[in-house]
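Numbering (this note's numbering) for the sequence shown: 923 to 973. Notes for the one structure printed next.
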Amino acid sequence: MRSVGKLVNQNKSQLIVEAAVYDAENREIGRGSGVFVHSKQQLVDVNGYGL
923 MRSVGKLVNQ NKSQLIVEAA VYDAENREIG RGSGVFVHSK QQLVDVNGYG L
């Protein structure tokens, strides 16, 4: 499998991304998108991160 992701748009507070997954014959087998919001809290301070 191979995945390819790209940043579609961004502003001061968020990133909009999309990605696709391809099999060994280069056929698309999955696709997704998401919005990621910048946090004021560092992940190292969140329980379960920064182990």
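Yeah, the Cβ is synthetic: ideal placement off N, Cα and C, and Gly gets one too. Predicted model, so just to flag it, every value in this text is computed and none were measured.
- Minimum Cα-Cα distance from Val926 among the listed residues Leu937, Val966, Gln936 and Ser955 corresponds to Ser955.
- Annotated three-state conformation of Val966 is helix, per DSSP.
- Scanning Tyr944, Ser935, Val968 and Asn969 for the CA closest to the CA of Arg953 turns up Tyr944.
- The straight-line gap separating the alpha-carbon atoms of Gln936 and Ala946 is approximately 33 Å.
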